[in-house]
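In this note's numbering, the protein residues as written are 33 to 359.
All residues carry an ideal CB built from backbone N, CA and C; glycine is no exception.
The structure presented is a predicted model; accordingly, all values stated were derived computationally and were not measured.
Data block below; observations after.
Structural data, given as C-alpha cells:
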C-alpha cells in the first residue's frame, strides 16, 4: 500500500481514500500531547450545468474538510494532500492531469488529522443539503479522520443567474465553535466556443465571463471572510479513451487507455489553444470552463481556511464540434 500511495498525486490519494470511505459515526483521534494546533476549514462547492440548460439543469456538489494544523505547519500543503485544494496552471499554460504533478515524498509529511465538527449543511437558494461525514481510511498512518461530502447525488439547484448565494452552516464540535458563512457564487462564463480542425491540430477554446465584477460578492460579513484576489478561470478538455497495442508489434491484443484530461489556465476573456501533443491523437469528448471564487475565512471560530465556489459550464460532444455556443 505504501509504495503505491507514494506514487500518487495528493488529489489521487484523496480520491482513493474517499472511494473506500463510508458514512459512519466518527470519533476524533485527538492531538499529540503538548502540541499546539488550530483547526482550518476548507469548504468547497461546485455548481455545474450544460451550456444552454435552464430550470433544474444546474447541479451542485459540496465537500468540507476541517484540518487540525500544528503551529508551524503549512495548512495549504495539508489541504492539497487530502484533495481539499488544487493548484491551477497559470493563464495560458496547460498540463495533463494525473501525471505526477505535485508529488510529495511521504517521508516529508507529518500525520494529517481531519476533525469532526458536528452537522454541516450547505444551502443554495431553496435547496439545502446536509453533508455526510465519511470516515477517511488511515492511509499509511498518514491521513485519518473524516471528510464531509454530498450524499453521492448531485443536488438540483435553481439556475445560476447573477451572483447567487451559497451558505455553509457548521454546528461545531471538537473545539470548533459553530459558525455560518455565506458567499456569492460568481456568474458562469458564456459565449463559449470550441474549435478543432478535422485533421487534428490544437483544440481552441474561447469564452467570455458573464460579468466583469470578479471581486464582487465577498462573505456577507467581514468578520467571517474576505475575497482572496480575483476570480480564477480554467478549462478542462477531456479526450476520450483510446485503444492501444499491449506491446510493440502486438496487433492482436489491445488495451484501453483511460480518458485524458488537459487543464489550462485562463482569464475572464480567453482564447486557449490546447496543444495537439497533449491530446494523444484522441477525440474531444467534453469541455468544461470553470470560474472559481476563493474566500479566505476570518471567523474567530477557526484558525483559518477557505471557501471555494466553482461555477462550471459543460459542453459535451457533439455540441463541442459546433462553431459557437452561448449560455
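Between the CA atoms of residue 239 and residue 341 - distance to the nearest angstrom: 19 angstroms
Separation of residue 335 from residue 102, as counted between CA atoms: 10 angstroms
Beta-bridge pairing of residue 223 - partner residues as DSSP gives them: Per DSSP, none; premise fails for residue 223.
Selected residue, minimal CA-CA separation from residue 262, among 151, 309 and 326: 326
8 angstroms contact criterion, which residue 306 and residue 347 should meet: CB distance rounded: Wrong, their Cβ atoms sit about 14 angstroms apart, outside the cutoff.
Contacts around residue 193, its chain only, beta-carbon distance under 6 angstroms, and the 5 residues preceding and following it disregarded: Caution is warranted here: a pLDDT of 49 is assigned to residue 193, below 50, making its placement in the model unreliable, and the coordinate value is therefore given only provisionally. Around residue 193: no qualifying Cβ.
Contact check, residue 167 vs residue 149, beta carbons under 7 angstroms: no
Span of the beta strand (DSSP E) around residue 102: 90–102
Backbone CA spacing between residue 293 and residue 93 [nearest angstrom]: 20 angstroms
Own chain residues within Cβ distance below 6 angstroms of residue 228, not counting five before or after: 235
For residue 328: DSSP bridge partner residues: 258 and 338
Local conformation of residue 289 per DSSP, three classes: strand
Per-residue DSSP class, three states only, for residue 109: helix
Coil, strand or helix - residue 309 by DSSP: helix
Check whether residue 128 and residue 324 have beta carbons under 7 angstroms apart: no
Beta strand (DSSP E) segment containing residue 72, residue limits: 69–82
Exposed unless 16 or more other CB atoms sit within 10 angstroms - verdict on residue 291: exposed
Pair within 7 angstroms by beta-carbon distance, residue 339 and residue 75: yes
Environment of residue 62 [buried if 16+ CB atoms lie within 10 Å]: In this prediction, residue 62 has a pLDDT of 45, which is less than 50 and means its spatial position is unreliable; what the coordinates show is noted afterwards. Classification of residue 62: exposed, given that the 10 Å Cβ count is below 16.
Counted within 10 angstroms of its Cβ, other Cβ atoms place residue 258 as buried (16 or more) or exposed: exposed
Cβ separation of residue 198 and residue 215, assumed to be a contact under 8 angstroms, to the nearest whole Å: 6 angstroms
C-beta atoms of residue 81 and residue 90 nearer than 7 angstroms: yes
One or two residues paired with residue 315 in a DSSP bridge: Paired residue(s): none; residue 315 is not in a bridge.
CB of residue 337 within 7 angstroms of CB of residue 73, strictly: yes
Euclidean distance between Cα positions of residue 57 and residue 181: Reliability fails at residue 57, whose pLDDT of 43 lies under 50, so the model's placement of it is uncertain and the value that follows must be treated cautiously. Taking the straight line from one Cα to the other gives about 14 angstroms.
Cβ-based neighbour list, residue 161, same chain, cut-off 7 angstroms, excluding 5 preceding and 5 following: 94, 153, 154, 182 and 187
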